[in-house]
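If you read the protein sequences in the order shown, they are chains A and B. Residue numbers for the first sequence follow the working numbering, beginning at 9 and rising by one. Residue numbers for the second sequence follow the working numbering, beginning at 5 and rising by one. The beta carbon of each residue, even a glycine, is placed where N, CA and C say it ideally should be. Below you'll find the structure, written out as structure tokens, and then a few comments.
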Amino acid sequence: MDYKYIEQLLDRYFRAETTLQEEQILKTFFAQGAEDMPQELQQYAPLFAAFDEQPVLGDDFDERVLAQLPADIVPLQPKQVKARTIRLTERLRPLFGAAAMVAILLTVGNAINQSMRHDTTWMDADEYANIKVESLEPSVAYDQVTDTLTLAKDEIPMPVPSDSLLNGGID
Amino acid sequence: MTEISFFRTDILPLKNELFRLALRITLNRDDAEDVVQETMLKVWNRREQWSELESIEAFCLTICRNVALDKMKRADSQNTSIEESGEFEHADRSYAANPEEQAVQRDRVELVRKLVGQLPEKQRTCMQLRDMEGKAYKDIAQVMGITEQQVKVNIFRARQTIKQKFLQIEQHGL
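Shown next as structure tokens:
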């Protein structure tokens, strides 16, 4: 094998005149390590061997870096939204206080109202007796009811069957 | 593509390249790992700049180098000694047939590694990016913020120094 070319490349390499491709040729040449390589060339083999070293980071490096990125921007796993069953009573619990307050107000208000009305509608025994007599007259009451019903019979329209509505029965 | 998926597919895979550069500068595996982690976070925090970048790789390498240099400066000011890293794995060359020869070969590779570690940082970084990572002068210049000519000069000096020291030790011993 002719080593002239390699020797020439080496000279240019040490003068920093080689291209990347030529440097690759040198690397490959020394990595292959020809059996009959002259001593002058072989002495440079460790140099190129040293350039070939490729220390690497551990496998867990990526995860450690990703874990350090702000979690709100980079969810490592999509955020889990868990369905939670809420019972109706639980759901309405915040309103319980308000409901109780309303109930109290109504009760108290009603009580006050009742007592007030009681005051204004107070009747003495005679008045009460008159009303009773008037409304309890059976024949009068009967006539009134009969008249009302007769009137109502003429005024209130009879219900119309629903399908006749569809057939223009309203006309 | 969302920012996080770009980060996963285009930035995180640069970790080992960044790690080797950081290791070349700090000469310590733990420090280098810290540097890469910090670099990744810095790159993430500047994600609004990603779209304007010509090369995300050069951007990451620049940040990585600056973080590593900062770390070295801090370590210097705290007067802590930087351990020599033993993390660059020994290369196993196929032509070194017998175990004895392999051991000698390993020692030589180890020696080169130490010599590279003794170079000034700029030469070391230039050499790392060129000889180990196979980068163009133009890209190295961009990463380091110097001219292509300066990159070339640094690489020239680095290769000359390694060659001379290595041959001197090989021929005359330490």
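Chain A contact for residue i (CB, 8 Å cutoff)
i             : result
residue 135/B : yes
residue 20/B  : yes
residue 23/B  : yes
residue 120/B : yes
residue 88/B  : Residue placement at residue 88/B is poorly supported in this model, since its pLDDT is 48, which falls under 50; the coordinates still yield a value, given next. Cβ-Cβ to chain A under 8 Å: no for residue 88/B.
residue 154/B : no
residue 91/B  : Because the pLDDT of residue 91/B is 47, which lies under 50, any placement of that residue in the model is unreliable, and the question is left without a value.
residue 53/B  : no
residue 160/B : yes
Cβ-based neighbour list, residue i, same chain, cut-off 7 Å, excluding 5 preceding and 5 following
i             : result
residue 152/B : 141, 142, 145
residue 102/A : none
residue 61/B  : 18
Local Cβ density within 10 Å of residue i, reported as buried at 16 or more and exposed below that
i             : result
residue 45/A  : buried
residue 37/B  : buried
residue 37/A  : buried
residue 26/A  : buried
residue 54/A  : buried
residue 102/B : exposed
residue 176/A : Residue placement at residue 176/A is flagged as unreliable, the pLDDT there being 49, under the threshold of 50; the coordinate-derived value follows with that caveat. Exposed, since its Cβ has fewer than 16 Cβ neighbours within 10 Å.
residue 72/B  : buried
Beta carbon of residue i nearer than 8 Å to that of residue j
i             : j            : result
residue 64/B  : residue 26/B : no
residue 181/B : residue 75/B : Residue 181/B is absent from the structure shown; chain B starts at 5 and stops at 178.
residue 64/A  : residue 32/B : no
residue 11/B  : residue 24/A : no
residue 34/A  : residue 18/A : yes
residue 104/B : residue 51/A : no
residue 53/B  : residue 73/A : no
Interface flag, residue i vs chain B, CB-CB below 8 Å
i            : result
residue 23/A : yes
residue 51/A : yes
residue 46/A : no
Close beta carbons around residue i, own chain, < 6 Å, minus the five adjacent residues each side
i            : result
residue 20/A : 26
Do the stretch 44-55 of chain B and the stretch 153-164 of chain B touch if we need at least three Cβ pairs shorter than 8 Å? No, they do not touch.
If you pair each beta-carbon of the stretch 47-60 of chain A with each one of the stretch 108-121 of chain B, do three or more pairs fall below 8 Å? Touching, per the Cβ criterion.
Are the stretch 168-178 of chain B and the stretch 123-136 of chain B in contact at 8 Å, needing three or more beta carbon pairs? These segments do not touch.
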